[in-house]
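In our numbering, the protein residues as written are 1 to 133.
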C-alpha cells in the first residue's frame with residue numbers, strides 16, 4: 001500500500017511539474033525581479049530532487065504571489081543561466097533581497113518549511129496559517 005501511495009504521489013508531482021514547465025522563467029525575464037524579494041530555484045525537469053521540489057515551488061509561487069517572486073529555471077535547457085548564477089550543483093536555491101543582492105544560497109533539496117522560514121527572515125509575510133506544510 002505504501003508503494004502505491006508513493007507511486008501516486010510521484011505521478012502527481014510529475015503531472016504538476018509538466019504543467020508548471022510553461023511557467024518557468026525565461027532567460028530574458030529579469031532575475032532577480034526588481035524591487036521584489038526573489039527566490040530562484042535552479043534545477044532541471046529531469047533531476048530527481050528537482051522533481052521533488054517542483055510541487056513545492058508551484059505552491060509557493062501561488063501562495064506568495066504579490067509578496068515575493070518564486071521562480072524556477074531549468075539550467076539544462078538554459079545553460080547560460082547556470083553560468084550566470086554560478087551553479088555547480090542542482091537544485092540550487094538563491095534568495096535575493098528587494099535590491100537584488102544575494103542573501104542566501106542553498107544546494108540540494110529544500111523543503112517548504114525551510115523556504116518559508118528563509119523568506120520570513122527576509123521580511124516577507126508568511127502565507128495564511130495552514131498552508132506552510
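A virtual CB, placed ideally from N, CA and C, is assigned to each residue, including glycine.
- Contact between residue 109 and residue 39 is absent: CB atoms are separated by about 14 angstroms, not below the 8 angstroms threshold.
- Counted as a single uninterrupted DSSP element, the beta strand (DSSP E) harbouring residue 69 occupies residues 69-74.
- Nearest to residue 44 by alpha-carbon distance, out of 119, 71, 36, 124, is 71.
- Annotated as distal: residue 58 and residue 112, with beta-carbon spacing of 8 angstroms or more.
- Look at residue 115 here: in three-state DSSP terms it is helix.
- Annotation for residue 89: 107, 108 place their beta carbon closer than 8 angstroms to its own, counting only its chain and skipping 5 residues before and after.
- Comparing alpha carbon positions, the residue from 128, 96, 126 closest to residue 33 is 96.
- With respect to the 8 angstroms criterion, residue 102 and residue 42 are not classified as neighbours on the basis of their beta carbons.
- For residue 52, the uninterrupted alpha helix (DSSP H) run begins and ends at 48-63, by DSSP.
- Annotated three-state conformation of residue 121 is helix, per DSSP.
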